[in-house]
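Visitor: Okay, so the sequence shown: first residue is 56 according to this note's numbering, each after it adds one.
Built from N, CA and C at the ideal position, the CB exists for glycine as well.
I have a structure here, written as structure tokens, and I will follow up with some questions on it.
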Amino acid sequence: MAGTVKYACWHVLGAGAIGCLFAGALQRAGSPTTVLLRAGATATGITVAVAREGATRRVELPVSTAIQPGHISHLLVTTKAQDVCTAVMSVGHRLDSSSQVLLLANGLGFAEELRASLPSPVYYYGTTTEAAYRRDPSRQNAARREIYHAGSGITRIGRPGISTPPAWFEQWARAVQPSTWDPAIEQSLWLKLAINCAINPLTALHRCPNGDLARPHLAPRVANLCEEIMQVSAAAGYAEATANLPARVAEVVTATAANRSSMLQDVLAGRATEIDYITGHLLRVAVRHGIAAPANEALYRSIAALAH
Ligand SMILES: NC(=O)c1ccc[n+]([C@@H]2O[C@H](COP(=O)([O-])OP(=O)(O)OC[C@H]3O[C@@H](n4cnc5c(N)ncnc54)[C@H](OP(=O)(O)O)[C@@H]3O)[C@@H](O)[C@H]2O)c1
Numbered sequence: 056m057a058g059t060v061k062y063a064c065w066h067v068l069g070a071g072a073i074g075c076l077f078a079g080a081l082q083r084a085g086s087p088t089t090v091l092l093r094a095g096a097t098a099t100g101i102t103v104a105v106a107r108e109g110a111t112r113r114v115e116l117p118v119s120t121a122i123q124p125g126h127i128s129h130l131l132v133t134t135k136a137q138d139v140c141t142a143v144m145s146v147g148h149r150l151d152s153s154s155q156v157l158l159l160a161n162g163l164g165f166a167e168e169l170r171a172s173l174p175s176p177v178y179y180y181g182t183t184t185e186a187a188y189r190r191d192p193s194r195q196n197a198a199r200r201e202i203y204h205a206g207s208g209i210t211r212i213g214r215p216g217i218s219t220p221p222a223w224f225e226q227w228a229r230a231v232q233p234s235t236w237d238p239a240i241e242q243s244l245w246l247k248l249a250i251n252c253a254i255n256p257l258t259a260l261h262r263c264p265n266g267d268l269a270r271p272h273l274a275p276r277v278a279n280l281c282e283e284i285m286q287v288s289a290a291a292g293y294a295e296a297t298a299n300l301p302a303r304v305a306e307v308v309t310a311t312a313a314n315r316s317s318m319l320q321d322v323l324a325g326r327a328t329e330i331d332y333i334t335g336h337l338l339r340v341a342v343r344h345g346i347a348a349p350a351n352e353a354l355y356r357s358i359a360a361l362a363h
């Protein structure tokens, strides 16, 4: 007799665009999935509507809040980088050494902060090139999320030094397609950081689509940023990952020419940006290795100043 498949029960912390996209996919694929809202939320469930090319798929998801009890076995974290620590700490009482925590926010640096405060869970790290945004930016209705799935991409997940995926990964990869287990996740996350450093802050500062970075007035600035980023990368042990950085950045600029970077979208919407965990992280590593990165530093200061 065939055994019953035991599905991992996921809690999703960060019920925004990416969180709802993945929560819906996990629930539809059979993994019981609960959305975690901030303490004080009164909704008992939410409807996630994911639209793509004229079709909309709806899924109902149960809700829990940070202050509620109950062990969390599998936690997907999809807040913005600057919210990761506060958000995960808010459910820290529900996590233990058997809890599997997958951090999928963009940028680097928050994981170290989190592990220092909450060392017991088993942490996994990921990056995705899926693209989604909330269509209900006013966020009036807490019980409903309207998500537009703007583009397909790949989701890479890993845990440094671990080449074999954990038991839950097979189900995950069936739900979130395509997903790949990445034994070199640190290199992948660094490359993503390097590309983001070269593209996001400059587009946010000039309020331009990604494609404008190929224009003569901005291309030399991108080249300058890349040169500094490659120096810092080499000192930090990521020379190989960023060996072709200018070409990789040019590819992304061309492929996403009409897109507004997430940092530009945040600036235009008056929201906090992830700069502290993108260029800010690069600069912290640069300081650690005694490397000057003046172009990146100037850009960091300009973007950080926008928040005030
Ligand atoms: N969207 C994309 O296409 C995309 C693609 C690749 C990577 N990413 C990365 O994925 C991450 C999430 O992006 P996103 O676009 O999905 O952001 P988002 O739509 O702003 O979603 C973030 C969610 O986190 C919630 N949150 C923040 N602090 C919380 C807390 N303490 N407790 C509970 N919930 C909390 C926010 O709630 P409130 O609404 O109440 O503030 C919001 O719903 C970012 O790092 C982004 O760079 C996004």
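Determine which residues share a DSSP beta bridge with E201 and list them.
Guide: According to DSSP, E201 bridges with A104.
Visitor: Is the closest heavy atom of ligand 1 to the C-beta of G216 under 8 Å?
Guide: No.
Visitor: Look at the alpha carbon of A222 and the alpha carbon of H129, and state the distance between them as a whole number of angstroms.
Guide: About 11 Å.
Visitor: Have a look at H272 and A359 and give me their C-alpha separation to the nearest angstrom.
Guide: When rounded, the distance between both Cα atoms is 23 Å.
Visitor: Considering just the uninterrupted stretch of the alpha helix (DSSP H) at P349, what are its terminal residues?
Guide: 349–361 is the span of the alpha helix (DSSP H), which, as asked, contains P349.
Visitor: For ligand 1, any of its heavy atoms closer than 8 Å to the Cβ of I73?
Guide: The answer is yes for I73.
Visitor: So who's on the other strand from L404, going by DSSP bridges?
Guide: The question about residue 404 has no answer here: the residues shown for the chain are numbered 56 through 363.
Visitor: State buried or exposed for I217, treating a residue as buried only when at least 16 other CB atoms are found within 10 Å of its CB.
Guide: By the neighbour-count rule (16 or more Cβ atoms within 10 Å), I217 is not buried but exposed.
Visitor: Check whether the region 276–293 touches the region 339–355, counting contact only when three or more Cβ pairs, one atom from each stretch, lie closer than 8 Å.
Guide: Yes, the region 276–293 is in contact with the region 339–355.
Visitor: Determine the closest residue to G74 out of F165, A186, N251, with distance taken between C-alpha atoms.
Guide: Minimum Cα distance to G74 is reached at A186.
Visitor: Apart from the five residues on each side of it in sequence, which residues of its chain come closer than 8 Å, Cβ to Cβ, to C140?
Guide: Contacts found: F165, E168, L169, S172.
Visitor: Use the C-beta contact count for R211: other C-beta atoms within 10 angstroms, 16 or more gives buried, fewer gives exposed.
Guide: With 16 or more Cβ atoms within 10 Å of its Cβ, R211 is classed as buried.
Visitor: Between A253 and L300, is the Cβ-Cβ spacing less than 9 Å?
Guide: Taking 9 Å as the Cβ cut-off, A253 and L300 qualify as a contacting pair.
Visitor: Considering only their Cβ atoms, is the gap separating R112 from G69 smaller than 9 Å?
Guide: No, these two residues do not count as a Cβ contact at 9 Å.
Visitor: Enumerate in chain order the residues of its own chain whose CB-to-CB distance from A341 is below 6 Å, with the five nearest sequence positions on each side excluded.
Guide: The residues are V287, A348.
Visitor: Is there contact here, the region 225–244 with the region 259–266, by at least three beta-carbon pairs under 8 Å?
Guide: Output reads no: the region 259–266 does not touch the region 225–244.
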